[in-house]
Structures are given as structure tokens and as C-alpha cells.
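Colleague: Counting from 1037, one number per residue, gives the positions in the sequence shown under my numbering.
Quick one: the structure is below, questions incoming.
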Amino acid sequence: MIPAEHTGISTGTGAAARFPATAALRRDFIWGVSTSAFQIEGATREDGRGLSVWDTYGLKGQIANKDTGDIACDHYHRYAEDIGLMQRLGVQAYRFSVAWPRLLPTGRGAPNEAGLAFYDRLIDALLAAGIEPWLCLYHWDMPQALDDVGGWTNRDIVGWFADYAALVANRYGDRVKRFATFNEPSIFTIFAQATGGGERDMRNVDTFHRCIHNVNLAHGAAVDALRDRVAGSLIGAIHNCQPCLPSTPADAQAAQRSSVYWNQAFPDPQCLGAYPALMQEAMAPYIEPGDMARIHRPLDWFGLNHYGPSYVKADPGSRLGWQFGEKPDGIPQTPIGWMIEPDAFRDTLLTVAKTYALPVYVMENGFGDSDKTYAAGAINDENRIAYLKAYIGALDEAAAAGADIRGYFVWSLLDNFEWDSGYGVRFGLTYIDYATQQRTPKASFAWYRGLIKSARAGAPEPGPAVPVLGTG
Ligand code: GCO
1037 MIPAEHTGIS TGTGAAARFP ATAALRRDFI WGVSTSAFQI EGATREDGRG
1087 LSVWDTYGLK GQIANKDTGD IACDHYHRYA EDIGLMQRLG VQAYRFSVAW
1137 PRLLPTGRGA PNEAGLAFYD RLIDALLAAG IEPWLCLYHW DMPQALDDVG
1187 GWTNRDIVGW FADYAALVAN RYGDRVKRFA TFNEPSIFTI FAQATGGGER
1237 DMRNVDTFHR CIHNVNLAHG AAVDALRDRV AGSLIGAIHN CQPCLPSTPA
1287 DAQAAQRSSV YWNQAFPDPQ CLGAYPALMQ EAMAPYIEPG DMARIHRPLD
1337 WFGLNHYGPS YVKADPGSRL GWQFGEKPDG IPQTPIGWMI EPDAFRDTLL
1387 TVAKTYALPV YVMENGFGDS DKTYAAGAIN DENRIAYLKA YIGALDEAAA
1437 AGADIRGYFV WSLLDNFEWD SGYGVRFGLT YIDYATQQRT PKASFAWYRG
1487 LIKSARAGAP EPGPAVPVLG TG
């Protein structure tokens, strides 16, 4: 159990320590922050960018509050200001994604120079600020033109994705060494339309398994494209892994099935060279000779996104045979209903470190709340601080127990477009006033800055004054 001083989410007994223990973390441990292109850039119609499936989805009014990514955090124009925020935090690294349709408006063919030049500016400014760029190739923004010809159901996309990876490698490989091929492939295949699966009828099991295999093939092809072009490249993929637990004992089989698809359908073939046993019969029709070797390419690190366990129940009529179920009483939840269970994070870290035998970097962990949290005007997000304290404490416990953990990136630097929830859910260390685009660091921003300084210097900092909304 995580000691009470780490959690701040316990029964309130005992004073919570200013910062969690980080003694077990390597001295070269990397502290960072994460974002993704569609969630922060905006400028969706600017400088030649093509449409993505998320632009189309928004145009249909399918997103909460009829939000779209058209402006988001206006990062396309404000990236220098946002790098200034990263410098204030003291992070050593920044994980972002490149928008495929910004570089290749139709997903293939002639590159868009203005799009390429934007990431030149971003990368050069990061390096000038002493911040290492960690570049993710695909964070769900499938070019609409490719979705129109089948998207991930069309095996030709493997070559188109490899060509995109080669373009990125050739353009930025002189300055970027850290690459991730995909962000959370299990999420955008399981949840389909809601996460960039486009108009595919992902309720169809055949379509679903075809997408899984083509994404795995695209991963392997991109690894080769990057490795062949970037000397010293350090390549990984980013997976959302978490316990998938039964709502009732009768849901145990459904929970096991959901865990295999959620946690193993991509890391297993990519890191171990084979699909999990439970999937092998279903995947067999899509596997051509040599495919598993094309997927299983040498990797340098394992990216883990983790927020908390999910609870599932059997649903025989659904595509996968399960859906989200009742959560147990008595476990803390975030304002958006995600479970707060630091022990599950510790155990997931130990599991992935042992199973895949790669250095682990936590590429996403964070706390989602809603606009209501900020109604009072002060951005004193103490519950986000309590969450981060508990989870970083759990990470330290996993490291102390032998997991090779080398970095932690908070999701997210900024409040941003939270997919189906639009802008009503906020994960940022920085508050975004979407009407004015003013950035206001929250209390958690100052806390994380203090933690980084403390963890790197071993000397706790005095607590920061709590900023008030609008004070800049
Ligand atoms: C994900 C994505 C992020 C989300 C974040 C909060 O895990 O869904 O990688 O884009 O915004 O995780 O949900």
C-alpha cells in the first residue's frame, strides 16, 4: 500500500509530505510534459494542412458542446509562449505529436512545406530552450483522404505510414532522436470513431482485427524507416496499460478478454513477436508469411500511459463481448469518474517492465477535472497535486522494487481538447481561457516545478503562493 504521506488522497490522517519520495529514481531520470497535435495546435485550415478524421467528426457536431479542434490552444501560433512555460517548469523533455495531415495533406504524395516548417520552428525553439523533443508520429489524427480509402483497414496504409515516417526522419532526424510510432493503438482501435478510427464500422469484428494487424505492421515499418535514416535514434511506442477488472465475479472472463485487447494486442507482437494466445485464432486470417517479423522490430524503450484501472462487465451482444461496468464503492475517483488507485500504477509499472524488458517511460499520467473546478476563480487544483503526489510516489515504489523506469511526463502541459469531451474536461498544469487564449499556471504547475527541482537537487523547495485566475 502506498504510505499515507505519499497519497494525500488517504483518509486524511497524517500530514502529506511536500513531495513524494523519489529516492529510488535514477539520477538521469527525465521529467517532462506531454501534449498532442490535434488537442492543442488549432490552425486546422491554415498553411495547407489537410483534414483529419477528427476534423470531419467535429464538423458533424459529434463532440461535446459541438467543440472542434479548429482553434484548440492556438499552439500553432503560440508555441514559443508554451515553450516558455516548459522552461518555467524546468522539464528536460517535451512529448508532442506531429499532425500527419499537416505534413501530407492527403496522407501521401507531395509534402506540405509550410507544415514541415512549423515543426522545424517548434523543434529548433525546444532545442534552444534546452528541452529534448520527443516526437510521436501518430496521435489519432488520421488524414481523412486515407480514411476515405479504408484507413487502418487497408493494408496499403502500412506503406503510406512508412513513407510518412521516412519524411519525418529525413526532415527532423538531425535534431530529434526520440521517436514514438503510435499513441495508444488499443484505444483508437477499440473505440473507433470516437478516437480517430474514422467512419469504419468498428462494431464489425473482422474490421477491428484487420485494423489491429495493420497498425502493428505500420509500427514495424515505421521503426525500420526511422532506424534506417536517423543515427542514434531511440524508438518506442506508447501504450495505455491498466488493470481491466470485473465488476462482478461473473464478469471475470469478460475482464480477461478486455485486458488482452486493451493491454497486450500491440505490445505483445511489437515487443515479444506474437499475439496473446487468446487472440491468435482471431488474428490468423490477417497474418501473411513474414508479418510477425515485420512487426517485431528492435525497440529502445516502452512508453506507458496510465490513469487508473477500468471495471468491465460481460456484454455478449457487443463486438468484443464486454463494456464498462459498475465501479466498486469506496475507491476515490477524479471529477470525471476515473479511478484513483496508485497501487495499480505501481503494479502496472512492475508488470510492463518485467514483461517487455525495456526501459519504461511514463508518457502520460494526469488528473482530469471540469470547468466547475475553476468556477471559484482560484486555480488551486490541490486535488491534482494530491493525485500526482500519490502516483509519483507509486512510481518511486515500483523503481525501488526493481522496475527500470527512466522518465515521467505529466498529461498535460495545457488544458486542451479532450476528444469526445471537447474542452469541458481539463488535464492541464496550465489553465487555458479559451476565449482569450490566456495561459495561467495552476497550483499544480508550481508544485510540479518544485518537485522537479527537488528531485534533481534533492533539496525540497519552499511552497509556492497559490496563483489566482487571470493573474498571468
Ligand atoms: C489518451 C490520449 C490523450 C488524452 C489523455 C486524457 O490517453 O486518451 O493519449 O490524448 O487526452 O490521456 O484522456
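In this text, a Cβ means the ideal position worked out from N, Cα and C, and glycines have one as well.
Take residue 1121 as the anchor and find which of 1205, 1161 and 1154 has the nearest alpha-carbon.
Modeller: Out of 1205, 1161 and 1154, 1161 has the C-alpha closest to the C-alpha of residue 1121.
Colleague: Should residue 1454 be counted as a contact of the ligand GCO given a C-beta to heavy atom distance under 7 Å?
Modeller: Indeed, a heavy atom of the ligand GCO lies less than 7 Å from the Cβ.
Colleague: In the structure shown, what three-state DSSP assignment does residue 1307 receive?
Modeller: Three-state DSSP puts residue 1307 in a helix.
Colleague: Might you give, ordered along the chain, the residues of its own chain that have their beta carbon closer than 7 Å to the beta carbon of residue 1427, omitting 5 neighbours on each side?
Modeller: Only 1378, 1381 and 1401 meet the Cβ criterion.
Colleague: Is it buried or exposed, residue 1112, if we count other Cβ atoms within 10 angstroms and call 16 or more buried?
Modeller: When all chains shown are included, residue 1112 counts as buried.
Colleague: In chain order, what are the residue ranges of uninterrupted alpha helix (DSSP H) at least 4 long that sit wholly in the region 1086-1123?
Modeller: Runs of the alpha helix (DSSP H) inside the region 1086-1123: 1089-1095.
Colleague: If you draw a straight line from the alpha carbon of residue 1374 to that of residue 1333, how long is it in whole angstroms?
Modeller: Spanning the two alpha carbons is a distance of roughly 34 Å.
Colleague: Is the closest heavy atom of the ligand GCO to the C-beta of residue 1222 under 7 Å?
Modeller: False, no ligand heavy atom lies under 7 Å from that Cβ.
Colleague: Contact defined as beta carbons within less than 8 Å: I believe residue 1070 pairs with residue 1446. What is the distance between those atoms, to the nearest angstrom?
Modeller: Indeed they touch by this definition, with Cβ atoms about 7 Å apart.
Colleague: Would you say the beta carbon of residue 1341 comes nearer than 7 Å to a heavy atom of the ligand GCO?
Modeller: Yes, the beta carbon of residue 1341 sits closer than 7 Å to at least one heavy atom of the ligand GCO.
Colleague: Would you report the Cα separation of residue 1073 and residue 1416, rounded to the nearest angstrom?
Modeller: Their Cα atoms are separated by approximately 27 Å.
Colleague: So which of 1198, 1363, 1190 and 1077 has the shortest CA-CA distance to residue 1260?
Modeller: The option with the nearest alpha carbon to residue 1260 is 1198.
Colleague: Which residue's Cα is closest to the Cα of residue 1309: 1391, 1171 and 1438?
Modeller: Looking at the Cα atoms, 1391 is the closest of the given residues.
Colleague: Taking buried to mean at least 16 other C-beta atoms within 10 Å of its own C-beta, is residue 1451 buried or exposed?
Modeller: By the neighbour-count rule (16 or more Cβ atoms within 10 Å), residue 1451 is buried.
Colleague: Residue 1425: buried (16+ other C-beta within 10 angstroms of its C-beta) or exposed?
Modeller: It counts as buried.
Colleague: Examine the ligand GCO and report whether any of its heavy atoms sits within less than 7 Å of the Cβ of residue 1400.
Modeller: Residue 1400: yes, Cβ under 7 Å from the ligand GCO.
Colleague: For residue 1303, I'd like the list of residues in its chain whose CB is within less than 8 Å of its CB, leaving aside the five on either flank, ordered along the chain.
Modeller: Excluding residues within five positions, the ones whose Cβ falls inside 8 Å are 1273, 1275, 1277, 1338, 1388, 1391 and 1392.
Colleague: Which residues mark the beginning and the end of the alpha helix (DSSP H) in which residue 1193 is found?
Modeller: Residues 1193-1208.
Colleague: Should residue 1298 be counted as a contact of the ligand GCO given a C-beta to heavy atom distance under 7 Å?
Modeller: The answer is no for residue 1298.
Colleague: Mapping the DSSP letters down to three states, classify residue 1127 as helix, strand or coil.
Modeller: Residue 1127 falls in the coil class under three-state DSSP.
Colleague: Where does residue 1396 fall in DSSP's three states?
Modeller: Three-state DSSP puts residue 1396 in a strand.
Colleague: Is any heavy atom in the ligand GCO found nearer than 7 Å to the beta carbon of residue 1276?
Modeller: Correct: residue 1276 has its Cβ closer than 7 Å to the ligand GCO.
Colleague: With distances taken from CA atoms, which of 1297, 1058 and 1403 is nearest residue 1221?
Modeller: Nearest of 1297, 1058 and 1403 to residue 1221, Cα basis: 1297.
Colleague: Quick check: does the Cβ of residue 1404 come within less than 7 Å of any heavy atom belonging to the ligand GCO?
Modeller: Flag set: Cβ of residue 1404 near the ligand GCO.
Colleague: Of all the alpha helix (DSSP H) runs that stay within the bounds of the region 1416-1479, which reach a length of 4 or more residues?
Modeller: 1418-1436, all fully within the region 1416-1479.
Colleague: For the ligand GCO, I want to know if residue 1196 counts as a neighbour, meaning its beta carbon is within less than 7 Å of at least one of the ligand's heavy atoms.
Modeller: No, the beta carbon of residue 1196 sits no closer than 7 Å to any heavy atom of the ligand GCO.
Colleague: Mapping the DSSP letters down to three states, classify residue 1180 as helix, strand or coil.
Modeller: Helix.
Colleague: Check whether the region 1136-1156 touches the region 1092-1099, taking contact to mean three or more Cβ pairs, one atom from each stretch, closer than 8 Å.
Modeller: Counting Cβ pairs under 8 Å, fewer than three are found: no touch.
Colleague: Does the beta-carbon of residue 1360, which I'm using as the reference point, lie nearer than 7 Å to any heavy atom of the ligand GCO?
Modeller: No, Cβ of residue 1360 sits at least 7 Å from all heavy atoms of the ligand GCO.
Colleague: Run through DSSP, which three-state label would residue 1148 get?
Modeller: Residue 1148 falls in the coil class under three-state DSSP.
Colleague: Leaving aside the five residues before and after residue 1165 along the sequence, list all residues of the same chain whose C-beta is less than 6 Å from its C-beta, in chain order.
Modeller: Same-chain partners within the cutoff: 1119 and 1123.
Colleague: Could you give the first and the last residue of the continuous alpha helix (DSSP H) run that contains residue 1317?
Modeller: Element bounds for residue 1317: 1313-1319.
Colleague: State buried or exposed for residue 1285, treating a residue as buried only when at least 16 other CB atoms are found within 10 Å of its CB.
Modeller: Result: exposed.
Colleague: Can the beta-carbon of residue 1132 be found less than 8 Å from the beta-carbon of residue 1171?
Modeller: Contact flag set, yes.
Colleague: Tell me the residue span of the beta strand (DSSP E) that contains residue 1172.
Modeller: Element bounds for residue 1172: 1168-1174.
Colleague: Do you know whose CA, among 1283, 1202 and 1403, lies nearest residue 1365's CA?
Modeller: Of the listed residues, the one whose Cα sits closest to residue 1365 is 1283.
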